[in-house]
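For what it's worth, my numbering labels the leading residue of the sequence shown as 142, then goes sequentially.
This report concerns only the one structure given below.
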Amino acid sequence: MQNRPGIFIALEGTNGSGKSTQFELTVDRLKKNGYKVEQFRFPRYDQPSSYFIREYLAGNLGKAEKIGPYTASMFFTMDRYRAAKQIRKALDEGKIVVADRFTGSNMAHQGILFDNPEERRGFFIWLDQIEFEMFKIPRPEISLVLRVPTDVALDNVSKRGNKKDIHERDTDHMRKSVEVYDNLCQLFPKDFKQVDCVRSGKILDKKIINDQIWETLQPYL
142 MQNRPGIFIA LEGTNGSGKS TQFELTVDRL KKNGYKVEQF RFPRYDQPSS
192 YFIREYLAGN LGKAEKIGPY TASMFFTMDR YRAAKQIRKA LDEGKIVVAD
242 RFTGSNMAHQ GILFDNPEER RGFFIWLDQI EFEMFKIPRP EISLVLRVPT
292 DVALDNVSKR GNKKDIHERD TDHMRKSVEV YDNLCQLFPK DFKQVDCVRS
342 GKILDKKIIN DQIWETLQPY L
């Protein structure tokens with residue numbers, strides 16, 4: 142596994158999808174299989190580059206609809222841009238970079254503000270060009286989307302007991318973000334692949350979900 146190009150993997154999904162758990166399990170599994178791993182969690186709340194993200198999610202800048210998807214997306218883009226140098230370095234060293242959320246999160250959470258499918262697709266393309274063409278942020282080889290129905294995701298969020306951000310407080314936002322993630326997987330199947338985390342209305346065991354993730358990653362490893 143030496144002298145090989147790095148690989149960039151992103152884990153995506155709505156709040157309450159079990160993404161943090163699967164992120165940790167996937168990173169551990171890669172390391173146990175001998176891969177060198179560099180991990181990132183976005184947004185990076187402990188970094189100055191996330192200032193406007195924190196203000197936005199706290200609701201201090203106003204409602205998401207008023208701010209608009211293009212402006213809000215730039216808050217998150219700049220945080221990823223600030224991390225781009227570290228990501229490139231890890232990839233140049235042949236490491237596997239695993240990100241808990243990346244550009245797909247912006248596409249999903251801001252994409253819900255578009256009712257017109259063509260306008261939403263145009264937003265996806267705009268953000269793709271801004272991040273990967275203009276800012277030269279590294280593009281993930283694959284983004285795995287953990288699919289959990291809205292009712293299950295909301296139940297998981299409520300069980301956490303943490304203070305909710307403006308997205309988590311909005312049930313309609315949660316529902317629509319599931320739909321937009323589905324839309325991303327349909328429109329861009331080479332970039333976004335879905336991992337179904339629920340069967341017969343019940344969430345699968347975390348080990349079973351991780352086995353699905355591991356199997357999906359095999360062509361990239």
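Quick reminder that beta carbons are idealized off the backbone N, C-alpha and C, glycines included.
With fewer than 16 neighbouring CB atoms inside 10 Å of its own CB, Ile266 falls in the exposed class. Taking 8 Å as the cut-off, the Cβ atoms of Val178 and Ile237 count as close. Burial is judged here by how many other beta carbons sit within 10 angstroms of a residue's own beta carbon; Arg145 has fewer than 16 and is exposed. Contact annotation: Asn156 and Met315 have beta-carbon atoms nearer than 8 Å.
Unbroken alpha helix (DSSP H) stretches of 4 residues or longer found wholly inside the segment 169 to 225: 192 to 198 and 205 to 208, given in chain order. With a 10 Å radius around the Cβ and a threshold of 16 neighbouring Cβ atoms, Ala249 comes out buried. Relative to Ser341, the option among Ser318, Pro360, Pro290 and Asn351 whose CA is nearest is Pro290. Glu153 is bridged by DSSP to Val286. Of the candidates Glu153, Leu166, Asn257 and Val319, the residue whose Cα lies closest to the Cα of Trp355 is Leu166. As a beta-bridge residue in DSSP terms, Ala240 pairs with Ala151 and Phe181. Excluding residues up to 5 positions away in sequence, Ile278 lie with their Cβ nearer than 6 Å to the Cβ of Arg221 in the same chain. Counting along the chain, Asp346 sits inside no beta strand (DSSP E), nor does DSSP assign it H or E at all. Nearest in C-alpha terms to Pro258, of all of Glu320, Thr212 and Asp233, is Glu320. Spanning the alpha carbons of Glu282 and Phe243 requires a straight line of approximately 12 Å. Shortest Cα-Cα distance from Gly147 to any of Asn324, Asp169, Arg185 and Gln180 involves Gln180. Rounded to whole angstroms, the Cβ separation of Pro210 and Gln251 is 4 Å, and the two are in contact under 8 Å.
If you draw a 10 Å sphere on the C-beta of Gly154, you find 16 or more other C-beta atoms in it, and that means buried. The Cβ-Cβ distance between Lys347 and Thr162 falls below 8 Å. One thing to note: Leu254 has its Cβ within 8 Å of the Cβ of Glu206. Following the DSSP letters along the chain, one finds Phe333 inside the beta strand (DSSP E) bounded by residues Phe333 to Asp337.
Annotation: Ile208 to Met215 spans about 11 Å, alpha carbon to alpha carbon. A direct Cα-Cα distance of roughly 25 Å separates Tyr197 from Arg280. Secondary structure at Arg340: strand, using DSSP grouped into helix, strand and coil.
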